[in-house]
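Before any comments, here is the structure.
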Amino acid sequence: MGHFVHPQGICESHSVGNGTKVWAFAHVLPGAIIGQDCNICDHVFIENDVVLGDRVTVKSGVQLWDGLRVGSDVFIGPNATFTNDFFPKSRQRPSCFARTTLEEGCSIGANATILPGISIGRNAMVGAGSVVTRSVPPNAIVHGNPARIRGDSRLGKATRVKAPAKGDNLPTDASNVRRRLAQGHKAP
């Protein structure tokens, strides 16, 4: 079956899964590893030390830099920005780049900025235009600048819940979130 590369796309990698589509003006460097059934939209750049799982969608205008690991079933919205260097300097390449991880099923909104070394948890959602400065726990909905926890993705909507106190864990299931909402807990 193989993968598809648009005549005006460039895919230098030999590690691209079956059913993946690379569209016009996208450029995938030789060291990148791309899973099966991914959709790499127009004007996407993927550097060498990037790994994408299966069924990942990368919308137009996204650059995926060295050190990024993306789990399966992840959505990356248009013009989302990823960074990989804490102290970037012109003409001074670091010996290694910060590792950023997008866990399985998470969603990154359009124009969101993800700072280096961040982990976005499984099934978490980052709102459009957010600036993510800290790791995001699984199932959290975050948005804003800086991004803060605003809800739980297991409810299927951005219901506002009170952010956990220091040392608290997120509720373990949707019924806990509903109970907290019924008790009047709200985000500040």
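With the first letter of the sequence shown counted as 1, position 94 gets the number 238 in the numbering used here; the numbers rise by one all the way through. Glycine included, C-beta positions come from ideal geometry on N, C-alpha and C.
Three-state secondary structure (DSSP) of Asp299: Correcting the residue identity first, residue 299 is Leu in this sequence and not Asp. Note: Leu299 maps to helix in three-state DSSP.
Local Cβ density within 10 Å of Gly146, reported as buried at 16 or more and exposed below that: exposed
C-alpha gap between Gly163 and Phe148, whole angstroms: 7 angstroms
Residues that DSSP places opposite Lys203 in a beta bridge: According to DSSP, Lys203 bridges with nothing at all.
Beta-carbon contacts of Gly179 that lie in its chain and below 6 angstroms, excluding the five residues immediately before and after: Gly161, Leu196, Gly197, Asp198
Buried or exposed (CB count within 10 angstroms, at least 16 for buried), Pro332: Any reading at Pro332 is ruled out, since the residue's pLDDT is 32, under 50, leaving its predicted position unreliable.
Where His171 falls: helix, strand or coil (DSSP): strand
Residues bridged to Asn283 (per DSSP): Answer is none; Asn283 lacks a bridge partner.
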